[in-house]
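Visitor: Starting off with a structure, shown below.
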Amino acid sequence: MRIHNLNPGDEIGASGWYVEADGSHFLLDAGLHPKLEGRACLPHFGLIPAGQLDAILISHCHYDHVAGLPVAVKQFPRARVMMSELSSHLVERVLHNSANVMKRQRDEMGILDYPLYDNQQVEELAPLIEGIRYREPKLCDFAVAEGHSGRVPQIEFYDAGHTLGAAGISLRCQSHSLFYTGDCSFQDQIILKGADFSSIKADVVIMETTRGSYDDTKTALRSREVRRLREAILEVQNRRGCVLIPSFALGRTQEILALLAEMVLDGVIPRQPIYIGGLGKIFTDLYDNLARKTTRNHPNLLLNRELNLVVQNVDKVRDTPLKSPKIFVMTAGMMNENTVAHDLAIRLCADPKHAIFFVGYADPSTPGGKMRESEMGQPFYFSTKAVDLVRHCELRQFDVTGHANRDELVRCVNEIRPRHIILGHGDPSSRQWFYDQFMSMDHPYRIH
Ligand SMILES: [Zn+2]
Ligand SMILES: [Zn+2]
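Counting in my numbering, the sequence shown runs from 37 upward without gaps.
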């Protein structure tokens with residue numbers, strides 16, 4: 037088995053792993069690097085020999101794992117495309133959105149490589165995608181060379197608990213077996229249940245290492261963080277302030293909405309309009325529509341039924357009055373310019389009764405990262421539109437991640453008992469922590 041890491045960066049970037057085993061050729065994930073521009077954000081597809089790809093297997097529908105898929109399909113038209121059944125319902129919307137964002141970036145930022153694909157290509161690709169249920173093994177007879185004798189490669193998707201449709205992927209070939217964790221979460225979130233990776237065995241594990249730098253003994257329990265967030269939202273409502281919770285459109289937004297729905301159902305806060313972004317609304321509708329097909333907590337909780345969701349856009353938010361209490365769950369985790377979250381944050385900063393709550397990652401170089409580091413009352417550079425913004429509103433952070441804690445991941449890999457461990461999807465210091473852990477164990481792991 038030969039495995040190539042195609043990520044163009046050394047950190048969490050564009051996920052893409054080329055796997056060659058017993059004459060079969062697979063690509064695991066085809067993401068785009070969120071911080072690189074133009075063709076530089078693509079995985080190194082050039083390392084895959086021309087024509088040599090049998091299947092592209094996608095772990096989940098986040099940008100860094102799937103947004104390069106149309107480029108990969110164009111380059112390897114013979115390859116089949118497979119993902120979990122749930123992901124197959126989401127992927128088209130995700131790719132249309134990235135096509136639209138790239139088109140806008142070409143116009144606004146003059147990135148001439150963009151768009152790397154257009155909406156037409158996405159529409160042509162969608163019917164080719166094969167959705168496969170969790171824990172239903174699939175034989176890949178299309179992936180064997182003529183005259184091949186011996187075991188036909190078999191793939192299987194396992195619920196990874198990270199976001200709707202997220203999967204760990206196993207690949208069993210003649211001489212080797214591999215398990216790719218994708219992004220995963222072992223603890224239950226509010227809606228989604230934790231990963232189900234039980235009984236998996238493999239010689240090789242490719243694992244995410246996102247939280248290698250977070251000491252689990254010092255980080256708060258997820259349930260306690262959720263409680264803290266509930267209390268904080270209530271405080272802002274009681275002082276008649278507005279709260280902005282920037283969140284990614286797929287996954288985080290629905291988890292926060294579920295928390296708000298619980299608060300409404302418990303009578304803690306009154307039913308009221310909850311303002312969300314257009315893309316967040318699309319995925320929220322899909323979460324509701326797929327509720328019965330998902331292993332989740334609260335299968336009967338429909339976010340659209342329990343909450344009065346109102347879609348905001350950049351034009352509307354300019355004139356939205358902030359005198360009475362309001363809750364905004366806005367889909368731009370990084371608060372980039374020309375987003376509702378960005379423009380709203382500038383307005384909220386002016387008044388101490390308002391609040392901004394971070395519930396996920398914000399890269400330090402983005403406006404969201406700058407806001408998170410800002411000191412109360414001190415001018416700071418937020419964006420080109422607000423070069424010396426002064427924050428008077430409350431700002432807090434809550435650790436309600438969709439990624440596995442590092443100790444949980446180590447336990448999971450120890451149960452799989454591979455011979456080889458490949459550390460991916462994390463910054464160098466996070467990978468280093470996992471390296472040290474596995475090296476210190478009695479089991480003779482080979483770590484890459
Ligand atoms: Zn993810
Ligand atoms: Zn990821």
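Note that the Cβ used here is the ideal one computed from N, Cα and C, for glycine as well.
Nearest to residue 33 by alpha carbon, out of 451, 236 and 54?
Guide: Outside the shown range of the chain, which is 37 to 484, sits residue 33, and nothing can be said about it.
Visitor: Less than 7 Å between C-beta atoms, sequence neighbours within five positions excluded: which residues of the same chain meet that for residue 381?
Guide: Closer than 7 Å at the Cβ level, and outside the excluded window around residue 381, lie 280, 371, 392 and 407.
Visitor: So is the beta-carbon of residue 378 under 6 Å away from any non-hydrogen atom of ligand 2?
Guide: Residue 378 Cβ: outside cutoff for every heavy atom of ligand 2.
Visitor: Please list, in chain order, all residues with a C-beta atom less than 5 Å from at least one heavy atom of ligand 1.
Guide: The filter returns 98 and 219, in chain order.
Visitor: I'd like the ranges of any beta strand (DSSP E) spanning at least 3 consecutive residues and lying wholly in the stretch 352-394.
Guide: Those beta strand (DSSP E) runs which fall completely within the stretch 352-394 and span 3+ residues are 362-366 and 391-394.
Visitor: Going by beta-carbon coordinates alone, are residue 126 and residue 323 separated by less than 7 Å?
Guide: Contact flag unset, no.
Visitor: Classify residue 302: buried if its beta carbon has 16 or more other beta carbons within 10 angstroms, exposed otherwise.
Guide: Exposed, because fewer than 16 other Cβ atoms sit within 10 Å of the Cβ of residue 302.
Visitor: Do residue 399 and ligand 4 come close, with the Cβ less than 6 Å from some heavy atom?
Guide: Looking at this structure, you won't find ligand 4 anywhere; what it does contain is ligand 1 and ligand 2.
Visitor: Measure the beta-carbon distance from residue 151 to residue 135 and round it to whole angstroms, keeping in mind my assumption that it falls under 8 Å.
Guide: Contact flag correct, Cβ pair sits at about 5 Å.
Visitor: So the candidates are 289, 417, 51 and 386; which of them puts its Cα closest to the Cα of residue 365?
Guide: For residue 365, the nearest C-alpha among the options comes from 289.
Visitor: Please report how far the alpha carbon of residue 107 lies from the alpha carbon of residue 68, in whole angstroms.
Guide: Cα to Cα, residue 107 sits roughly 10 Å from residue 68.
Visitor: Which class does residue 153 belong to by DSSP, given the choice of helix, strand or coil?
Guide: In the structure shown, residue 153 sits in coil (DSSP, three-state: anything other than H, G, I, E or B).
Visitor: With respect to the beta strand (DSSP E) encompassing residue 29, which residues constitute its N-terminal and C-terminal limits?
Guide: In this structure the chain extends from 37 to 484, so residue 29 is not present and cannot be described.
Visitor: To which residues of the same chain is residue 230 closer than 7 Å at the C-beta, ignoring the five residues directly before and after it?
Guide: Closer than 7 Å at the Cβ level, and outside the excluded window around residue 230, lie 197, 221, 222, 223 and 224.
Visitor: Based on Cα-Cα distance, which residue from 110, 93 and 452 lies nearest to residue 86?
Guide: Of the candidates 110, 93 and 452, the one whose C-alpha sits nearest the C-alpha of residue 86 is 110.
Visitor: For residue 442, tell me which candidate among 409, 386, 253 and 315 has the shortest Cα-Cα distance.
Guide: The shortest Cα separation from residue 442 among 409, 386, 253 and 315 belongs to 253.
Visitor: In the structure shown, what three-state DSSP assignment does residue 62 receive?
Guide: Here residue 62 sits in strand by DSSP.
Visitor: Please return the same chain residues whose Cβ sits closer than 6 Å to the Cβ of residue 105, not counting the five positions on each side in sequence.
Guide: Around residue 105: 66.
Visitor: For residue 132, which residues of its own chain have a beta-carbon under 8 Å away from its beta-carbon, when the five flanking residues on both sides are left out?
Guide: Only 155 and 158 meet the Cβ criterion.
Visitor: CB of residue 100 to nearest heavy atom of ligand 2: below 6 Å?
Guide: Residue 100: yes, Cβ under 6 Å from ligand 2.
Visitor: Kindly indicate which residue of 88, 79, 306 and 72 has the alpha-carbon position closest to the one of residue 60.
Guide: Nearest option by C-alpha distance: 88.
Visitor: Mind checking residue 317: buried by the 16 CB within 10 Å criterion, or exposed?
Guide: Buried, since its Cβ has 16 or more Cβ neighbours within 10 Å.
Visitor: Residue 62: buried (16+ other C-beta within 10 angstroms of its C-beta) or exposed?
Guide: Classification of residue 62: buried, given that the 10 Å Cβ count is 16 or more.
Visitor: Tell me where the alpha helix (DSSP H) around residue 290 begins and ends.
Guide: 288-301 is the extent of the alpha helix (DSSP H) around residue 290.
Visitor: Rounded to whole angstroms, what is the Cα-Cα separation between residue 396 and residue 81?
Guide: Answer to the nearest angstrom: the Cα atoms are 30 Å apart.
Visitor: For the stretch 183-192 and the stretch 205-220, state whether three or more C-beta atom pairs, one from each stretch, are separated by less than 8 Å.
Guide: The answer is yes - the stretch 205-220 touches the stretch 183-192, with three or more Cβ pairs under 8 Å.
Visitor: Where does residue 153 land, buried or exposed, given buried means 16+ other C-beta within 10 angstroms?
Guide: Buried: at least 16 other Cβ atoms inside 10 Å.
Visitor: Using a beta-carbon distance below 7 Å, is residue 346 in contact with chain B?
Guide: Among the chains in the structure shown there is no chain B, since it carries only a single protein chain.
Visitor: Once the 5 residues before and after residue 343 are set aside, which same chain residues still bring their CB inside 8 Å of it?
Guide: The residues are 293, 296, 297, 300, 307 and 310.
Visitor: Within the chosen definition, does the stretch 433-452 reach the stretch 414-424 through at least 3 CB pairs nearer than 8 Å?
Guide: At 8 Å Cβ cutoff, the stretches do not touch.
Visitor: Spatial neighbours of residue 379 within its chain, please: C-beta separation below 7 Å, excluding the five flanking residues on both sides.
Guide: Closer than 7 Å at Cβ, skipping near neighbours: 350, 353 and 354.
Visitor: With burial defined as no fewer than 16 other Cβ atoms inside 10 Å of the residue's Cβ, what is the status of residue 143: buried or exposed?
Guide: Exposed is the call here.
Visitor: Counting only the same chain and skipping the five closest in sequence on each side, list residues whose C-beta sits under 6 Å from that of residue 249.
Guide: Only 465 and 466 meet the Cβ criterion.
Visitor: Can you tell me where the beta strand (DSSP E) with residue 241 in it begins and where it stops?
Guide: Where residue 241 is concerned, the enclosing beta strand (DSSP E) stretches over 240-244.
Visitor: Could you tell me the distance, in whole angstroms, from the CA atom of residue 257 to the CA atom of residue 433?
Guide: If you take the alpha carbons of residue 257 and residue 433, they lie about 14 Å apart.
Visitor: Helix, strand or coil: which one does DSSP assign to residue 413?
Guide: Coil at residue 413, not helix or strand.
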